[in-house]
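To start, the structure under review is shown below, and the notes come after it.
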Amino acid sequence: MMDVQFTSPKEYPPGTVFSLLKQAWTPLWNPGLKKNIRRFDLEVTECEETVGACTFVTCLDSTPVGMGSYDPRQMPERGEIGWNCVIPGYQGKGIGKAQIQEILRIFRSRGIRKACVTTTDEDFFVSAQRTYESCGFTVVRRTENNNLEYELEL
Numbered sequence: 008m009m010d011v012q013f014t015s016p017k018e019y020p021p022g023t024v025f026s027l028l029k030q031a032w033t034p035l036w037n038p039g040l041k042k043n044i045r046r047f048d049l050e051v052t053e054c055e056e057t058v059g060a061c062t063f064v065t066c067l068d069s070t071p072v073g074m075g076s077y078d079p080r081q082m083p084e085r086g087e088i089g090w091n092c093v094i095p096g097y098q099g100k101g102i103g104k105a106q107i108q109e110i111l112r113i114f115r116s117r118g119i120r121k122a123c124v125t126t127t128d129e130d131f132f133v134s135a136q137r138t139y140e141s142c143g144f145t146v147v148r149r150t151e152n153n154n155l156e157y158e159l160e161l
């Protein structure tokens with residue numbers, strides 16, 4: 008496993024989280040996705056004590072290669088894994104799994120009892136599904152809008 012570091016988004020220029028997500032999600036890029044990612048990036052910057060504190064930039068040799076985020080507002084019952092990605096060129100190397108494991112470590116340290124994450128049942132998200140399953144998550148629900156909801160007891 009490579010030596011990855013999880014760093015505060017405050018250490019990077021505004022727009023870094025947007026750029027990472029855009030690079031990773033290019034095959035799905037559309038105006039709605041762009042709007043949602045732009046809004047999230049602004050929240051990371053403008054709400055640094057809340058959203059920004061629950062987001063990290065993943066670095067390899069000081070180079071941003073991905074990001075992860077989570078929402079602990081339903082603690083201690085549950086924590087939600089949010090936006091996360093690894094940019095092309097660094098995918099398939101265990102970085103995504105390391106990001107999810109870091110979020111699970113944070114959840115456990117806060118006494119959160121259940122981790123939850125939602126992804127879409129499409130080819131683009133198969134690697135995300137495999138990552139969640141390799142971290143111990145199981146599908147608990149398939150929604151009518153093609154989403155897979157995963158949970159993991161901590």
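According to the working numbering, the residues represented by the sequence shown are 8 to 161, in order. Here a beta-carbon is modelled for each residue, glycine too, at the ideal position from N, C-alpha and C.
Cβ pair residue i, residue j closer than 7 Å
| i | j | result |
| --- | --- | --- |
| Leu-159 | Ala-122 | yes |
| Lys-17 | Glu-55 | yes |
| Tyr-157 | Val-124 | yes |
| Pro-71 | Thr-52 | no |
| Thr-14 | Cys-66 | yes |
| Phe-25 | Ile-44 | yes |
Reference residue i, options the options, closest by Cα
| i | options | result |
| --- | --- | --- |
| Val-93 | Asn-152, Arg-80, Ser-76, Arg-117 | Ser-76 |
| Gly-99 | Gly-89, Arg-85, Gly-73, Arg-45 | Gly-73 |
| Leu-155 | Phe-131, Thr-127, Thr-138 | Thr-127 |
| Arg-6 | Gly-103, Gly-143, Glu-84, Leu-161 | Lying before the first or after the last residue shown, residue 6 is absent from the chain, which here runs from 8 to 161. |
| Gln-81 | Gly-118, Glu-129, Phe-63, Gly-59 | Gly-118 |
Burial state of residue i, where buried means 16 or more other Cβ atoms lie within 10 Å
| i | result |
| --- | --- |
| Glu-87 | buried |
| Trp-90 | buried |
| Val-133 | exposed |
| Pro-95 | exposed |
| Gly-103 | buried |
| Asp-48 | buried |
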